[in-house]
Each structure stands twice: as structure tokens, then as C-alpha cells.
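Chains as they are written, first to last, in the working numbering: chain A, 10 to 233; chain B, 10 to 233.
Below is one structure, written out as C-alpha cells; the observations come after it.
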DNA sequence: TTCTTTTTGATAGTAACACTATCATTTTTA
DNA sequence: TAAAAATGATAGTGTTACTATCAAAAAGAA
């Protein structure tokens with residue numbers, strides 16, 4: 010599957026395409042490790058430059074800001090996830106089973122490659138849980154949305170909504186349910202791990218398993 | 010109802026209680042206006058100080074950081090919301106109607122006072138939509154959670170979960186559903202306004218009305 | 001190979017941010 | 001009216017988020 014992973018990401022996300030050089034790829038790879046380690050707020054280009062033994066200047070030649078870099082990473086993730094969904098769904102003809110598979114993929118409750126293109130996928134998923142909403146919860150969301158930087162997320166959401174409509178063509182909220190399922194998958198994992206009293210997970214571990222069960226219960230009773 | 014609004018907020022949120030002085034109250038009041046206007050990222054104590062004609066020093070004597078100030082404001086909001094819920098639910102004995110009322114209150118689709126204690130409630134609600142997740146999506150969430158700064162949100166969530174259990178005592182996920190409903194109420198309003206293709210709202214306005222209808226559909230089919 | 005272009009590095013600089021410290025002044029309260 | 005508390009004024013520190021400039025290195029073309 011590895012060989013498939015080559016997306017053309019939106020031009021507005023970078024100044025120089027990081028896929029096309031070693032240093033560019035290491036910027037993306039190590040920013041995943043560093044954001045995972047210290048969180049997006051404390052993450053700076055200065056720290057990243059020290060980490061990969063280059064300079065701030067060079068990083069700024071690839072990304073105009075750390076916010077754009079975050080959106081880049083997340084876009085890559087959404088593209089990747091949609092690809093995994095489509096790949097896995099080929100084998101399945103039953104719509105309900107399709108959605109079950111999607112929910113597993115979205116909660117990241119599956120044992121695929123730990124590394125893809127040198128990106129640590131566990132860490133990337135943790136970043137998605139903790140930082141993804143920061144990509145759009147900004148004052149200039151409308152401006153950057155015009156640059157189509159959120160289209161990978163929209164595309165994934167649209168794909169999921171179609172599966173929902175396969176199950177029940179009369180369902181009124183396929184897209185809202187799709188976005189709710191994606192976001193709830195992350196949010197409830199975060200709550201289960203850090204604010205467990207906002208969930209019903211008795212277990213102090215097995216966050217993904219709990220969330221997956223919850224999402225299935227949610228999705229299938231709503232769509233009916 | 011005005012006279013009821015007096016909460017004792019968690020000591021850890023402030024250095025000096027802002028409720029006890031004019032300058033403290035204006036810090037809270039004007040931070041709502043300023044965060045609403047420029048967003049939490051661009052909001053600084055320096056700008057706030059200029060805005061209310063005081064000094065950074067003075068603001069730092071009330072709040073140790075802008076992040077704590079955000080949690081303070083949000084805690085106040087959660088307390089307020091739980092109070093409104095309890096007040097409104099007195100009149101209602103049917104559990105399903107109770108939940109309907111809660112969903113209206115949580116989406117803020119009701120015409121209560123525009124100002125309470127000088128706080129602009131419309132703006133406060135917009136802040137909750139755009140900024141509330143930033144209060145907990147931080148690396149030191151576990152540390153600050155130990156200071157119990159998130160208890161107002163937990164309390165509201167717990168309250169809602171009890172109403173859910175009234176409707177169906179056998180429902181397995183009352184707390185997760187409660188937190189999902191609260192968070193989805195905000196998230197879908199944001200999506201409807203800024204990333205509408207993540208929702209099914211055809212209308213370019215009436216975000217609250219759309220979200221409320223969606224939440225009702227969601228909640229009652231899940232609880233069954 | 002040499003020449004040219006592209007990429008990177010090194011260094012410097014700016015305005016703003018997130019604080020902390022000190023001390024004088026004003027306001028409140030006992 | 002004296003003591004205590006709150007505020008203001010000013011300064012300073014280390015960091016962040018960039019931008020600018022110019023030299024050095026690497027890559028590609030002739």
C-alpha cells in the first residue's frame with residue numbers, strides 16, 4: 010500500500026513543496042514528532058530548526074507559518090484516511106459493514122503500518138485528536154477556507170455521508186452526521202483519556218475500543 | 010433572574026477575585042468583548058489593558074495568564090447554563106421535554122437577557138463556540154484538571170446525563186452523549202457558519218435553528 | 001568541466017508577546 | 001488618621017514570529 014501514498018496537497022499550504030526534498034520531508038516528519046511531544050502552542054520553527062539541524066530561514070522557505078504547517082499535516086492525514094477507507098471498502102458490499110469499517114478507521118483502531126513515508130502514524134493520530142480543531146477555529150477561517158485548504162476534510166466527510174445515504178437514503182443529516190462522527194471520534198478519545206467523567210468509560214485504558222463502541226451505537230441508531 | 014447570578018468560581022482560576030472590584034469586573038467584561046472581536050490567539054493582556062485604560066501589571070494581579078482567564082470566562086458560562094437549565098426545567102415534568110429544553114438552551118436558541126452582569130451574552134456564546142475547546146486541548150490538561158477548573162463543564166454534563174437516564178434508564182452512554190451534544194451544538198454552529206459543506210444546512214443563515222433540529226433528531230433516536 | 005541557477009546557511013534585526021520586578025501613588029478600611 | 005491594600009508607571013528579560021541580506025554549497029545544464 011505504501012507506494013500509493015502520494016498526494017498533491019493544496020499549493021496554498023506551502024511556499025515550496027516539502028515532498029520534493031530531503032529537508033522538506035524532514036520538516037514534515039520531525040514537526041509531527043515535535044508537535045506530538047510539546048503540543049502545538051509550544052511548538053516553534055526555532056525549536057524545529059534546532060531539532061533537524063537547519064535554520065528557521067529554511068523552514069520559512071517551505072511554510073509561511075506554523076499554522077499552515079499544521080493544516081498541511083492534517084490535510085495529509087485526511088487524504089490518507091480517505092484512501093484507507095476506499096481501499097478497505099472495496100472488499101465490502103454491505104453498506105452497514107462499510108460504515109463499521111469507516112468508524113474503525115476514523116477512531117484509528119486498526120494495526121496498519123506504524124510508519125508511512127517516515128511519518129509516525131500513532132503520533133500523527135494523537136496530533137489529530139488534540140490539535141485538529143485548532144486548524145479551523147481561527148478568526149481568519151473564512152479567508153483560508155477560500156484557499157480550499159480544508160477540502161481534504163470536506164472530501165472525507167462527503168465520502169462518509171454517501172455511505173450513510175446508502176444505508177438510509179432518506180436520512181436528513183448525512184453530512185452533519187459524518188462530521189459529527191469524525192469529530193466525536195477524536196473528542197471522546199481525548200475526554201476518555203483526560204476528562205473521563207465526560208464519558209462513560211469505566212476503564213482507564215482502551216479509549217479507542219470504548220469510543221468505537223459508542224460511535225457504532227450512535228451512528229446506527231441515528232441512521233436507522 | 011439577574012439576582013441569582015453569583016457563582017463562586019474555582020480559586021485556581023484567578024489570583025484576585027475579579028467579581029470583587031470594578032476593575033476586576035471590567036477585565037472580565039471587556040475580555041469577552043475583545044476576544045469576541047479579535048479571537049483568542051490575537052488577544053493579549055496588553056491590548057486588554059489599553060482597552061480598559063489600566064495596565065498589564067494590574068491584569069496580571071487578577072489572572073496569571075490569558076489561558077486561565079479564558080477558562081474563567083467559560084466556567085462562568087457553564088455555571089450560568091446549568092442554572093438556566095435548572096430554572097427552566099422546574100416547569101417541566103416530562104423527561105423528553107426536559108431534554109428538548111436543554112438542547113435549546115445549549116444551542117443558545119432563546120431570547121434571554123442580552124446582557125447579564127454587563128456581560129454581552131451573544132458574544133460570550135460566540136466565544137464558547139470558537140474558543141471553548143482551546144481551554145482543554147493543551148498539553149498540561151491533566152495538571153490543570155487536577156485543580157478542578159473543569160468542574161462546571163463536568164457538572165453541566167452530569168446534569169444532562171441524568172435527564173437522559175430519566176428518558177431511558179438503560180441507555181449505556183449518558184455522559185458521552187451529553188458531552189457530545191454540548192460539543193456538537195457548538196461545532197455544528199461553527200461549521201454551518203464557516204464550513205457549511207460539513208453540514209446539511211441549505212440555508213446560509215439560521216444556523217441555530219438548523220443545529221437544534223439536528224441535535225433533536227440525533228438525541229432522541231439514540232436514546233430511543 | 002565550467003557556468004548558472006537553485007537551495008541552504010549564517011547573521012542580524014524588528015515588533016510584539018508573556019511575563020516579572022520595583023517603587024511610588026492612590027484608594028480603601030480599620 | 002494611620003495602616004493596609006490596590007493600582008499605576010516604568011523597566012527589563014527571554015521568546016516568538018517573522019523579514020532581509022548576503023555568502024556558501026549543491027544541483028543541473030552546456
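Glycine included, every Cβ here is placed at the ideal spot set by N, Cα and C.
Source: prediction; values computed, not measured.
Short Cβ contact (8 Å threshold) for residue i with residue j
i: residue 226 of chain B; j: residue 184 of chain A; result: no
i: residue 136 of chain B; j: residue 41 of chain B; result: yes
i: residue 56 of chain A; j: residue 43 of chain A; result: yes
i: residue 210 of chain A; j: residue 216 of chain A; result: yes
i: residue 33 of chain B; j: residue 148 of chain A; result: no
i: residue 19 of chain A; j: residue 160 of chain A; result: yes
C-alpha gap between residue i and residue j, whole angstroms
i: residue 229 of chain B; j: residue 188 of chain B; result: 15 Å
i: residue 263 of chain A; j: residue 129 of chain A; result: Outside the displayed span of chain A (10 to 233) sits residue 263 of chain A, for which this structure offers no information.
i: residue 125 of chain A; j: residue 66 of chain A; result: 27 Å
i: residue 173 of chain B; j: residue 84 of chain A; result: 36 Å
i: residue 117 of chain B; j: residue 224 of chain B; result: 13 Å
i: residue 95 of chain B; j: residue 197 of chain B; result: 25 Å
i: residue 155 of chain B; j: residue 146 of chain A; result: 26 Å
i: residue 12 of chain A; j: residue 222 of chain B; result: In this prediction, residue 12 of chain A has a pLDDT of 49, which is less than 50 and means its spatial position is unreliable; nothing more can be read from the coordinates.
i: residue 50 of chain B; j: residue 200 of chain B; result: 20 Å
i: residue 157 of chain B; j: residue 54 of chain A; result: 33 Å
i: residue 39 of chain B; j: residue 81 of chain B; result: 13 Å
i: residue 115 of chain A; j: residue 153 of chain B; result: 29 Å
i: residue 52 of chain A; j: residue 214 of chain A; result: 28 Å
i: residue 99 of chain B; j: residue 176 of chain B; result: 16 Å
i: residue 212 of chain B; j: residue 232 of chain B; result: 28 Å
i: residue 168 of chain A; j: residue 133 of chain A; result: 22 Å
i: residue 76 of chain B; j: residue 151 of chain B; result: 15 Å
i: residue 93 of chain B; j: residue 29 of chain A; result: 56 Å
i: residue 59 of chain B; j: residue 31 of chain A; result: 47 Å
i: residue 181 of chain B; j: residue 113 of chain A; result: 20 Å
i: residue 131 of chain A; j: residue 15 of chain B; result: 45 Å
i: residue 74 of chain B; j: residue 178 of chain A; result: 50 Å
i: residue 186 of chain B; j: residue 208 of chain A; result: 8 Å
i: residue 127 of chain A; j: residue 64 of chain B; result: 49 Å
i: residue 45 of chain A; j: residue 46 of chain B; result: 31 Å
i: residue 220 of chain A; j: residue 97 of chain B; result: 32 Å
i: residue 218 of chain A; j: residue 138 of chain B; result: 28 Å
i: residue 17 of chain A; j: residue 79 of chain A; result: 16 Å
Residue(s) in a DSSP beta bridge with residue i
i: residue 129 of chain A; result: A:124
Residue i Cβ short of 7 Å to the ligand MN heavy atom set
i: residue 31 of chain B; result: This structure lacks the ligand MN, and indeed carries no ligand of any kind.
Validate contact between the region 160–171 of chain B and the region 87–98 of chain B using beta carbons, cut 8 Å, 3 pairs | Yes, the region 160–171 of chain B touches the region 87–98 of chain B.
Count the C-beta pairs between the region 138–157 of chain A and the region 186–202 of chain A that are closer than 8 Å, then say yes if the count reaches three, no if not.
-> These segments touch.
Enumerate, from N- to C-terminal direction, the unbroken alpha helix (DSSP H) stretches of 4 or more residues contained entirely within the region 139–223 of chain B.
-> Taken in chain order, the complete alpha helix (DSSP H) segments of 4 residues or longer contained in the region 139–223 of chain B are 142–145, 150–155, 160–176 and 183–203.
Evaluate contact between the region 67–77 of chain B and the region 24–31 of chain B, counting only Cβ atoms and requiring at least three cross-stretch pairs below 8 Å.
-> Yes, the region 67–77 of chain B touches the region 24–31 of chain B.
Segment contact, 8 Å Cβ cut-off, at least three pairs: the region 101–114 of chain B with the region 97–114 of chain A | They do not touch, by the three-pair rule.
What runs of the alpha helix (DSSP H), each 4 residues or longer, lie entirely inside the region 62–94 of chain B?
-> Annotation note: the region 62–94 of chain B contains the following uninterrupted alpha helix (DSSP H) runs of length 4 or greater, listed N- to C-terminal: 65–71.
Could you pull out every unbroken alpha helix (DSSP H) segment of at least 4 residues lying fully inside the region 28–67 of chain B, listed in chain order?
-> Scanning the region 28–67 of chain B for uninterrupted alpha helix (DSSP H) segments of 4 residues or longer gives 31–47 and 54–60, listed from N- to C-terminal end.
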